[in-house]
Amino acid sequence: MKKSETLRIAIVGATGLVGRTFLKVLENSFIPIAKLDLFATSRSAGTSIVFKNKELIVQDIKNINFANYDVALFSAGKDASKEFAPLAVKNGTLVIDNGSYWRMHPQVPLVVPEVNFEDAFKHKGIIANPNCSTIQLVVALKPIENKFKIRKVEVSTYQAISGAGQKGINKLLKEIETGVPVDTLSKHPIAYNINFHTIQSKFGFSEEEIKIINETRKILHRKNLKISATCVRIPVLVGHSEAVSVITKNEFSLEEVEEVWRQSPGIIIVDDPQNEEYPTPKMVEGTDSVHIGRIRRNPAEKNGLMFWVVADNVRKGAATNAIQILEHLWKVAPERIFSFQKMFK
Ligand SMILES: NC(=O)c1ccc[n+]([C@@H]2O[C@H](COP(=O)([O-])OP(=O)(O)OC[C@H]3O[C@@H](n4cnc5c(N)ncnc54)[C@H](OP(=O)(O)O)[C@@H]3O)[C@@H](O)[C@H]2O)c1
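Residues -16 to 328, numbered by the working numbering, are exactly what the sequence shown covers, in order.
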């Protein structure tokens, strides 16, 4: 059994938006790092990224030897996760994966530390990070579920273009600069516009909408939770916003709801709309908490609650959440990092 006082970490997808944010979050983490290596495709192998005032050279993922690492933080898209995560697991390396490929696999826990950290203990080599819009939603829903029991959820997302990675940011900035639509992600411009994610399902839902529905059910352990979603991309660089409508089983007062959220980790309430105090993407950029405001009753429903949730999609929606999973494991069950039953032999 491997055992150590420090961790050997590989970052796969280190040159991307989330990968670079992993590094920023790790710089401020208490995790003791013995070794940190960066990987991406051959396109960016040889380039360098600064970590704690030291230049680290990015290596081609094809040359990785997972036996040299205790943990691999993946943010390289679903194809890379599909191909390389099993290799990591076979070598006894714990994978914390930001991509979508493994999230709904029955042997892979899908974890938001404030909500279902205990699921992480059951991992067999891969722990998945949920989709960015799911993370902020479940952080807000879990205290409501615990105290008042949820009957139904309807969510509409207003997602920053950085959710589509660096190419999303490049598209928006280029379109603002030139006034000409850039033909990536969508044939529609995103500057001064709203786009849907690609609609793929025969039921007329986008992949993003299906992710938020399925992932919320898995994380809350509510297989049959009534939940529907409409997801759009808006011309904001960072910070996903969501308008959420919930119907609960038990009665509540708005004071009780606020109190439950105030007692819950990872949540900040900003709710004085008459004085223009409510969460906005600009307000949350660079932060690690989920911000909730516009808390009000739904006049059309008995036990109906409406609110607005905003979080930094690249930090809490991706990098921060993954590192928090690692930090929690390191604190409460470090043996689950070094030794586990493998889902791939
Ligand atoms: N952006 C968000 O808000 C967000 C939130 C939650 C989850 N995620 C997920 O996190 C992942 C990365 O997102 P991102 O926004 O950081 O994207 P990004 O900016 O496009 O970066 C992608 C990174 O993955 C690397 N990569 C691509 N294909 C690879 C392969 N086959 N093998 C190894 N490395 C590969 C790229 O390397 P090169 O530089 O060499 O091309 C780059 O480092 C995606 O799965 C995404 O769904 C993103």
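Cβ coordinates follow ideal geometry from the N, Cα and C atoms, glycine included.
Local conformation of residue i per DSSP, three classes
i, result
"L168", "coil"
"L208", "coil"
"D255", "strand"
"H274", "strand"
"I338", "Because the chain here runs from -16 to 328, residue 338 falls outside it and cannot be looked at."
"I47", "coil"
"T263", "coil"
"Q307", "helix"
"Q90", "coil"
"L312", "helix"
"M(-16)", "Residue placement at M(-16) cannot be trusted, given a pLDDT of 42 that sits under 50; what the coordinates show is reported in the next sentence. Correct three-state label for M(-16): coil."
"K65", "helix"
"R26", "coil"
"V95", "coil"
"V229", "strand"
"S189", "strand"
"Q246", "coil"
"E241", "helix"
"F321", "helix"
"G60", "coil"
Paired residues, beta bridge with residue i - DSSP
i, result
"M326", "Answer is none; M326 lacks a bridge partner."
"A55", "A(-7), V78"
"A294", "H223"
"C214", "T140"
"R280", "L288"
"F34", "K37"
"I195", "The partner list for I195 (beta bridge, DSSP) is empty, contrary to what the question assumes."
"Q42", "F22"
"K135", "K209, I230"
"I182", "S189"
Supposed contact pair residue j and residue i - C-beta distance, whole angstroms, cut 8 Å
i, j, result
"H171", "F323", "Actually they do not touch by this definition, with Cβ atoms about 45 Å apart."
"K125", "V163", "Not confirmed; about 44 Å, so no contact."
"K65", "Y52", "About 19 Å; that fails the 8 Å criterion."
"A55", "I32", "A55 to I32, Cβ: 17 Å. No contact."
"A23", "S139", "Not a contact, Cβ separation roughly 34 Å."
"R134", "K209", "7 Å"
Short CB-CB distance (under 8 Å) between residue i and chain D
i, result
"V297", "Within the model displayed, chain D is absent; a lone protein chain is all it includes."
Please list the segments of the alpha helix (DSSP H) lying wholly inside the segment -5 to 19, counting only runs of 4 or more residues, in order along the chain.
-> 0 to 10
In chain order, which beta strand (DSSP E) runs of at least 3 residues are fully inside the segment 99 to 125?
-> 109 to 111
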